[in-house]
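In full-length UniProt numbering, the protein residues as written are 1 to 339.
Written out below as structure tokens is the structure these notes cover.
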Ligand code: NDP
């Protein structure tokens with residue numbers, strides 16, 4: 001199939017791109033600059049231009065941002081929309097997080113409806129942020145699944161960057177289901193709801209200075225920044241980026257994924273466990289990794305919510321990697337860029 005993949009320079013999208021190519025699909029990816037696009041092409045020297053190309057979309061929050069990118073010869077059958085800001089370094093949550101997420105998502109759906117009638121499936125990278133009700137804390141005994149929605153409000157969304165990010169994912173995903181309901185387009189959608197995504201970086205796109213948000217805790221633990229106190233874990237569930245990338249591609253390919261939400265998680269983790277794995281598997285880092293018994297990063301004593309990932313396993317056929325494999329490969333990839 002021919003796929004438009006948005007945000008091809010991102011941590012997750014770089015892996016989605018590689019899975020799409022491995023599966024024989026033809027990909028055009030959107031990037032914000034020609035430099036980033038050229039870097040992607042240069043690092044896939046054996047892939048011909050009709051299988052991999054890029055198009056520039058500088059700002060997904062601009063009205064009509066995708067109107068040109070969505071038109072292709074041969075035409076697209078599939079769109080995978082990953083581009084959305086994921087960082088907390090913002091002063092204006094509305095402008096810097098909510099607008100690109102919500103206008104980016106509704107914008108691409110409108111562009112497809114108007115200009116790309118051949119598109120039959122749109123896969124959207126949402127988040128566990130759109131599922132979890134963080135006001136309820138660790139919620140021991142409660143099982144989260146695709147039926148749950150984060151009740152965050154617009155008023156809360158503009159209070160700080162963390163709530164702003166959570167709301168950006170919730171409102172963008174809600175807007176995509178509303179679009180489907182109200183506009184009755186010619187395509188079906190599938191939304192992917194991963195929690196914290198860990199896994200190897202794609203070296204030509206990332207380095208320690210621009211490291212994606214979700215891998216920053218691993219870099220901190222392996223480089224000595226968490227030596228005295230391990231930071232709090234936060235979410236306690238995770239998925240490896242390679243499994244998530246495969247889930248995106250399966251959600252694009254499989255008829256049975258149509259109009260479904262997928263809670264894509266491998267299971268529990270804590271920052272303390274990450275430190276244990278790095279200490280055990282990389283003895284040469286022992287002076288930097290927090291010593292066994294260092295405070296912080298543990299599971300909450302009252303327990304933690306349950307999760308239901310059965311739909312992802314049954315419909316998409318995903319078998320999840322272990323935390324140990326993921327951390328070992330991530331550390332290796334970070335060492336390759338100087339960590
Ligand atoms: P990255 O920051 O690595 O990727 C984000 C991508 O979106 C980049 O390509 C970025 O381009 C692009 N982007 C951001 N804002 C704009 C904009 N205004 N206009 C055009 N492009 C833009 O993050 P991830 O790969 O981790 O995240 C990808 C998706 O996955 C996001 O939707 C995120 O919310 C979601 N997600 C991530 C999780 C994680 O733990 N990593 C967990 C759950 C969901 P550029 O780099 O050029 O700025």
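For each residue, glycine too, the CB sits at the ideal point set by N, CA and C.
Going by DSSP, what residues sit across from residue 112 in a beta bridge? Under DSSP, residue 112 takes part in no beta bridge, so it has no partner.
Are residue 85 and residue 65 close, meaning C-beta to C-beta below 9 Å? Contact: no.
With distances taken Cα to Cα, identify the nearest neighbour of residue 60 among 250, 276, 138 and 172. Among 250, 276, 138 and 172, the Cα nearest to that of residue 60 is on 172.
Please work out which residues of its chain come closer than 7 Å, Cβ to Cβ, to residue 74, disregarding the five sequence neighbours upstream and downstream, and give them in chain order. Answer for residue 74: 2, listed in chain order.
Taking a contact to mean a Cβ-Cβ separation below 9 Å, would you say residue 116 touches residue 70 in this structure? Annotated as proximal: residue 116 and residue 70, with beta-carbon spacing under 9 Å.
Inspect the beta-carbon positions of residue 6 and residue 83 and report whether they are closer than 9 Å. Result yes, Cβ atoms of residue 6 and residue 83 sit closer than 9 Å.
Mind listing, in chain order, the continuous beta strand (DSSP E) runs of no fewer than 3 residues lying wholly within the region 287-324? Unbroken beta strand (DSSP E) runs of no fewer than 3 residues, entirely contained in the region 287-324, are not found.
Leaving out the 5 sequence neighbours to the left and right, which residues in its chain are closer than 6 Å to residue 81 when beta-carbon positions are compared? So the list reads 6, 108 and 124, once near-sequence residues are dropped.
Which whole-angstrom value is the C-beta distance of residue 237 and residue 274, which I expect to be below 8 Å? About 13 Å separates the beta carbon of residue 237 from that of residue 274, a gap too long to meet the 8 Å contact definition.
Residue 190 - DSSP class collapsed to helix/strand/coil: In this structure, DSSP gives residue 190 an extended state, which the three-state scheme calls strand.
Residues of its chain near residue 11, where Cβ-Cβ distance is below 6 Å and the 5 sequence neighbours each way are ignored: The residues are 212.
Quick check on residue 121: does DSSP put it in helix, strand or coil? Secondary structure at residue 121: strand, using DSSP grouped into helix, strand and coil.
Quick check: is any heavy atom of the ligand NDP less than 8 Å from the C-beta of residue 203? Because no heavy atom of the ligand NDP lies under 8 Å away, the Cβ of residue 203 does not count as near it: no.
The beta strand (DSSP E) with residue 177 in it runs from where to where? For residue 177, there is no enclosing beta strand (DSSP E); the residue is part of the alpha helix (DSSP H) that begins and ends at 161-183.
Closer than 7 Å by C-beta to residue 162: which residues in its own chain qualify, once you throw out the five before and the five after it? Chain order, please. Closer than 7 Å at Cβ, skipping near neighbours: 88.
Contact set for residue 189: own chain, Cβ-Cβ below 7 Å, skip 5 residues either direction: Answer for residue 189: 122, 124, 176, 180 and 259, listed in chain order.
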